[in-house]
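Position 96, counted from 1, in the sequence shown is what this note's numbering calls 96; the numbers after and before it change by one each time, with no gaps. Every residue gets a Cβ at the ideal spot worked out from N, C-alpha and C, and that includes glycine.
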Amino acid sequence: MNNTTALAVGFALVLGISGPALAQKPAAAALAVYISVDMEGVAGVVTADQLMPQGFEYERFRHFMTNEVLAAVRAAKVAGATRILVADSHGNGESLLIDEFPRDVHIIRSWPRHGGMMAGLDSTFNAAIMIGYHASASSTAGVRAHTISSATFTRIAINGQDVSEGEIAAAQAGAMGVPVVFMSGDNVATAELRDRIGNIVTVETKRALSFHSAETITPAESDARIEAGVRSALSHVHEFKPYVVTTPVTLEMSYKNYAAAEIFSYLPGMERVGSRTVKYVARNIAEAVDVIMVAESYQPDVSP
């Protein structure tokens with residue numbers, strides 16, 4: 001034993017560290033984190049004034065939305081994330097201020113895209129995070145509650161259960177073996193998702209008073225809570241389990257207008273089960289999401 005080794009052993013004995021702890025620790029496994037971002041659940045958001053480009057508060061709230069995501073990014077990096085992919089999943093998919101992100105973060109923007117709000121996710125990710133999510137179209141209490149499109153659908157159901165965007169996203173992740181570990185949004189949205197997929201870490205950005213009203217915390221406080229919440233979730237990431245729905249997946253979509261249900265019922269495999277509702281049995285959740293994307297976004301006059 002040379003002098004250097006003897007000195008190391010001496011320090012170890014003083015500190016109460018046993019022999020194996022002196023060996024070099026194996027390198028920590030790489031951590032890949034996926035972040036899907038919506039806007040309705042961001043602190044302070046209550047109406048279209050914050051959500052749409054023509055709204056008088058939209059530009060300010062793009063900053064608030066971006067800062068909530070950056071809080072999650074900081075937490076992921078502290079947890080050891082070496083790969084972070086962010087999906088801008090609100091409105092036109094171009095709300096995040098991408099020049100404010102670290103250079104090594106990649107961002108998915110705009111539509112259409114396979115996978116919808118979870119585009120780009122695959123089985124190589126260790127955890128999925130949802131920022132700014134909201135309650136489902138079936139909720140009677142959430143701020144801006146809807147599923148996929150408030151202008152198109154009154155209800156979307158998977159295997160007979162009404163679902164939120166968060167549950168659909170969790171099922172997509174679960175099909176790839178990726179657990180959702182964190183979600184932020186109003187009190188109704190966070191409770192709704194925990195009830196369906198399990199006890200994930202959540203941050204309540206506001207308390208719903210109505211569809212267009214809430215008691216909200218400040219953007220700075222929301223950022224701080226999100227950063228702390230994501231750090232907590234990722235500190236025990238291996239304890240979370242993927243949320244998996246059974247296959248084949250029975251998808252039901254209820255439209256605001258009956259004409260859409262009639263037209264879609266003409267497609268092979270699509271069954272009209274109500275005046276405004278169609279049903280489709282998909283092979284898996286990925287196929288179901290693609291059907292939802294077509295049903296929500298296709299326009300006859302679409303052009304490049």
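Per the DSSP secondary-structure output, Tyr280 pairs in a beta bridge with Leu251, Met270. Of the candidates Ile98, Thr66, Ala48, the residue whose Cα lies closest to the Cα of Ser222 is Thr66. Secondary structure note for Arg194: its alpha helix (DSSP H) is the uninterrupted segment 187-197. For Leu193, the CB contacts under 6 Å within the same chain, skipping 5 residues up- and downstream, are Gly166, Met183 in chain order.
In the three-state reduction of the DSSP assignment, Gln161 falls in the strand class, which pools E and B. The C-beta distance from Ile158 to Val245 rounds to 6 Å, short enough to meet the 8 Å contact threshold.
Ranked by Cα distance from His134, the first of Ala43, Leu234, Pro248, Ala175 is Ala43. By the Cβ criterion, the region 248-255 is in contact with the region 268-283, since at least three pairs of Cβ atoms, one from each stretch, lie closer than 8 Å.
Close CB contacts of Val273 within its chain, under the 6 Å cut and outside five residues either way in sequence, are with Lys279 (chain order). For Asp88, the enclosing beta strand (DSSP E) stretches over residues 81-88. Arg60 and Ala169 have their alpha carbons spaced roughly 27 Å apart. The alpha-carbon separation between Lys256 and Ala81 amounts to approximately 42 Å.
Buried is the label assigned to Ile35, since at least 16 other Cβ atoms lie within 10 Å of its Cβ.
By the CB criterion at 8 Å, Ser89 and Met117 fall inside the cutoff.
With distances taken between CA atoms, Gly269 lies nearest to Ala288 out of Val178, Arg276, Ala259, Ala288. Within 10 angstroms of the beta-carbon of Phe56 lie fewer than 16 other beta-carbons, which makes it exposed. Between Ile98 and the set Ala228, Val69, Asp162, the nearest pair of CA atoms involves Val69. For Thr47, there is no enclosing alpha helix (DSSP H), as DSSP gives it neither H nor E. Judged by their CB atoms, Ile107 and Leu96 are nearer to each other than the 8 Å cut-off.
Distance from the CA of Ala141 to the CA of Ala151, rounded to the nearest whole angstrom, comes to 18 Å. Closest in alpha carbon position to Ile197, among Ala173, Ala214, Glu215, is Ala173. Assignment of beta-bridge partners to Ile35 by DSSP yields Val86, Ile129.
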